[in-house]
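So the structure is just underneath, and the comments pick up after that.
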Amino acid sequence: MNKRVVYWICQVGGWGLYTLFLIGMIALFGGENSITRSTLILQSIIYVSLILFSHLFRLHIQRKNWLDLSIGKLIPRAILGTFITATLAQIFIHIIIYLLVPLSGISGFSWGGFVGYVFNIFLVLILWAAIYFIIKFIEKNRNSELEKLELKSALQEAELMILKNQVNPHFLFNALNNIRSLILVEPEKARKMVTHISDLLRYSIQFNASEKVGLKAEIEIVKDYLQLESIQFQERLRYTFTIDPETENVQIPPMAIQLLVENAIKHGLSTQKGGGEIHIKTNIEQNHLLIEVTNSGQLKPIQKREGVGLKNLVERMKILFGHFAEFRLENSSKETVTATLKIPLK
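Sequential numbering of the sequence shown, starting at 28, is according to this note's numbering.
Below you can see the structure in the form of structure tokens.
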């Protein structure tokens, strides 16, 4: 059943039972003649007022995010809020029964009686608030456990996707073919390229055991990757790095920058006859690590913005950093596209 429906059933039913209890107590101690038309109207007004003001109190709790507070901060707010709600409810009730709908048989207004009625409503609302917070905290803990299970499942799925997408088979095929063509012509360069591809494969295999790696290690593997791609693209591929030394020890998702660079080459440089430039930049800004990979080219309106690799990266970012991490892919100028990762620092 919908939570909103359940809430209103509890509101109407719960305060209805309380009103019947009050009527029963009046009959028990005041006798049968105490149940008059004015008494029933008064109890109906109290019933509607309690539903209204407890609901307004609930809206205030939600608007101020009290459910996210610690117990030490919540208790004084709940007590003060309940007292204010009880006072406002009694003011509302007194205005109706003494000014708007005067009832016969009701004793005249007195400050002592008003304070007593506020205190009674205050006690009842304290019980209402306690039940409400207990239900919400149980629900919050249950949702937290479900989220943990979902995150664990998502992490396992993401790890499987990482294994499948660590190194693009098509890239390896091209790299090996290019190295083979270099063996007779430039054997020394071919040996260096074999070293680069060996480092890339070793890194790709090793990082599976870790959720995060140091940025410096990631940059080194990106350089290996670019060296291998330069065999095919030659002078069409130009790249530069601007790495802030303060960022080198920051932990990031493995293969994150490599995926951004791979995407820049695949969807940017490879589509242009003259190739282009790639610039990798890192810096710290407002307690966040910013990683920017800018390449020549433009995003097309019909172009698919995120491939499998980038979707994989975004999912890993969500698992590791939650909503504090950001990923953007946009045209940064009329001639360039920039992919940006924003990762929170502890």
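Beta carbons are placed, not taken as given, at the ideal position from N, Cα and C, and that holds for glycine. The structure presented is a predicted model; accordingly, all values stated were derived computationally and were not measured.
Sequence-distant residues of its chain with Cβ nearer than 6 Å to residue i (five each side left out)
i: arginine 85; result: none
i: leucine 242; result: Thr274, Glu275, Val277 and Ile279
Proximity below 8 Å, CB of residue i to CB of residue j
i: isoleucine 88; j: leucine 94; result: yes
i: lysine 239; j: proline 214; result: no
i: valine 288; j: tyrosine 252; result: yes
i: leucine 69; j: isoleucine 133; result: yes
i: isoleucine 370; j: leucine 316; result: yes
i: asparagine 322; j: alanine 291; result: yes
i: isoleucine 53; j: serine 65; result: no
i: valine 320; j: threonine 365; result: yes
i: isoleucine 318; j: threonine 367; result: yes
i: alanine 217; j: isoleucine 206; result: yes
i: leucine 255; j: methionine 220; result: yes
i: leucine 296; j: phenylalanine 260; result: yes
i: histidine 121; j: phenylalanine 110; result: no
i: valine 142; j: tyrosine 45; result: no
Integer-rounded CB distance, given that residue j should sit under 8 Å from residue i
i: isoleucine 148; j: alanine 113; result: 4 Å
i: phenylalanine 119; j: serine 81; result: In fact, because the Cβ distance is near 12 Å, the residues do not count as touching under 8 Å.
i: isoleucine 284; j: glutamate 245; result: 5 Å
i: glutamate 304; j: arginine 263; result: Actually they are not in contact, since the Cβ atoms of glutamate 304 and arginine 263 sit about 10 Å apart, beyond 8 Å.
i: leucine 209; j: isoleucine 258; result: 7 Å
i: glutamine 117; j: tyrosine 144; result: 5 Å
Delimiting residues of the beta strand (DSSP E) encompassing residue i
i: proline 371; result: 363-371
i: phenylalanine 354; result: 353-358
Limits of the unbroken alpha helix (DSSP H) element including residue i
i: leucine 107; result: 98-122
i: leucine 49; result: 30-57
i: phenylalanine 84; result: 64-90
Neighbourhood of residue i by C-beta, 7 Å cutoff - its chain only, sequence neighbours within 5 removed
i: methionine 344; result: Pro280, Ala352 and Phe354
i: glycine 108; result: Phe84 and His87
8 Å CB neighbourhood of residue i in its chain, flanking five on each side removed
i: isoleucine 124; result: Leu69, Ile72, Leu130 and Ile133
i: asparagine 314; result: Pro371 and Leu372
i: lysine 191; result: Confidence at lysine 191 is low in this model, with a pLDDT of 47, below 50, so its placement is unreliable and the value that follows should be read with caution. Within the same chain, lysine 191 has no close Cβ partners at all.
i: leucine 347; result: Glu238, Lys239 and Pro280
Worksheet item: Which residue spans inside the stretch 259-314 form an unbroken beta strand (DSSP E) run of at least 3?
Response: The stretch 259-314 contains these whole beta strand (DSSP E) runs: 264-270 and 303-312.
Fill in: Uninterrupted beta strand (DSSP E) stretches inside the stretch 124-179 (no shorter than 3 residues)
none
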